[in-house]
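**Q** Here our numbering is used: the first residue of the sequence shown is 1273, the next is one more, and so on. Think of the CB as a built atom: it goes at the ideal place given N, C-alpha and C, for glycine as much as any other residue. Remember, predicted model here, so these are calculated numbers, not experimental data. Have a look at this one before I ask anything.
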Amino acid sequence: VREPDLVGRHVVVSAGGTREPLDPVRFLGNRSSGKQGYALARAAAARGARVTLVAANTGLPAPAGVDVVQVGTAVQMREAVLKAAADADAVVMAAAVADFRPAAYATGKIKKKDGQDPEPVTLIRNPDILAEIAADRARPGQVIVGFAAETDDVLANGRSKLERKGCDLLVVNEVGERKTFGSEENEAVVLGTDGSETPVPHGPKEALAETVWDLVADRLT
Ligand code: PMT
1273 VREPDLVGRH
1283 VVVSAGGTRE
1293 PLDPVRFLGN
1303 RSSGKQGYAL
1313 ARAAAARGAR
1323 VTLVAANTGL
1333 PAPAGVDVVQ
1343 VGTAVQMREA
1353 VLKAAADADA
1363 VVMAAAVADF
1373 RPAAYATGKI
1383 KKKDGQDPEP
1393 VTLIRNPDIL
1403 AEIAADRARP
1413 GQVIVGFAAE
1423 TDDVLANGRS
1433 KLERKGCDLL
1443 VVNEVGERKT
1453 FGSEENEAVV
1463 LGTDGSETPV
1473 PHGPKEALAE
1483 TVWDLVADRL
1493 T
């Protein structure tokens, strides 16, 4: 059990994967289960923080003592994160947010037509929530943490993503069809803008969550 070092702090955590609808029955989505974000929310609450968890399509039960805001799409997640971040000491974006969404939404189910090729799907950019909250901090000293889901060149991609997104810490984890997404374990390196690299060996998602809050707590005091 950790010190209650987040007492009096408000932290925001995002979890899960956004779903970008094509029509009333279909969406573009990803494999995030929300487990890593929920572990972060539980750990922060256990350390005394007031926690707002912005959850997208997880189906997980609300952790005790955590304020959960349910969202579906990236645009909805942006709205909920911006609102909760207004008075937050720290924001941790563990959600897998779709970079693109279908340009058009069909109000009726898209039907296949005999002998015809399917219509191509045109995508447009979603807002980058992490880059936005990092560039325009709601409070001085607010600590912003991103996650990077990478499949190759994990560390090099992580460093350039940390710079691009403008956050203070970036948790780089490797993902794949059966890696990290949905599992109980994770393995990561946490990169800091100060050049620090904190490796977190393969273990329960709770352990990575504690390391993230250790690093956040250091930067808050
Ligand atoms: O949910 P689990 O099954 O437990 O799996 C955990 C996880 C793999 C989803 C998690 O550990 C993780 O890596 N989350 C981030 C996934 C992701 O979207 O990474 P990214 O490299 O595409 O995005 C980088 C960062 O920018 C993330 O903090 C993301 O929340 C944020 N982002 C991305 C796109 C966007 N439009 N807005 C954002 O804010």
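Could you check the C-alpha separation between A1481 and A1315 for me, to the nearest Å?
**A** 7 Å
**Q** Is the stretch 1357-1364 touching the stretch 1421-1433, taking contact as three or more C-beta pairs under 8 Å?
**A** no
**Q** Check this for me: beta carbons of L1332 and G1306, under 8 Å apart or not?
**A** A distance below 8 Å separates the beta carbons of L1332 and G1306.
**Q** Apart from the five residues just before and just after P1489, which ones in its own chain have a Cβ nearer than 6 Å to its Cβ?
**A** At residue 1489 the sequence reads Ala, which differs from the Pro that was named. So the qualifying residues of the chain are D1277.
**Q** Helix, strand or coil: which one does DSSP assign to E1478?
**A** helix
**Q** In whole angstroms, give me the CA-to-CA distance for K1384 and Y1377.
**A** 16 Å
**Q** With L1278 as the anchor, note down where its alpha helix (DSSP H) starts and where it stops.
**A** Careful: L1278 lies outside any alpha helix (DSSP H) and carries neither H nor E.
**Q** Among the candidates A1311, A1358 and R1350, whose CA atom is the shortest distance from the CA of D1371?
**A** R1350
**Q** To the nearest angstrom, how far is the alpha carbon of A1317 from that of G1380?
**A** 43 Å
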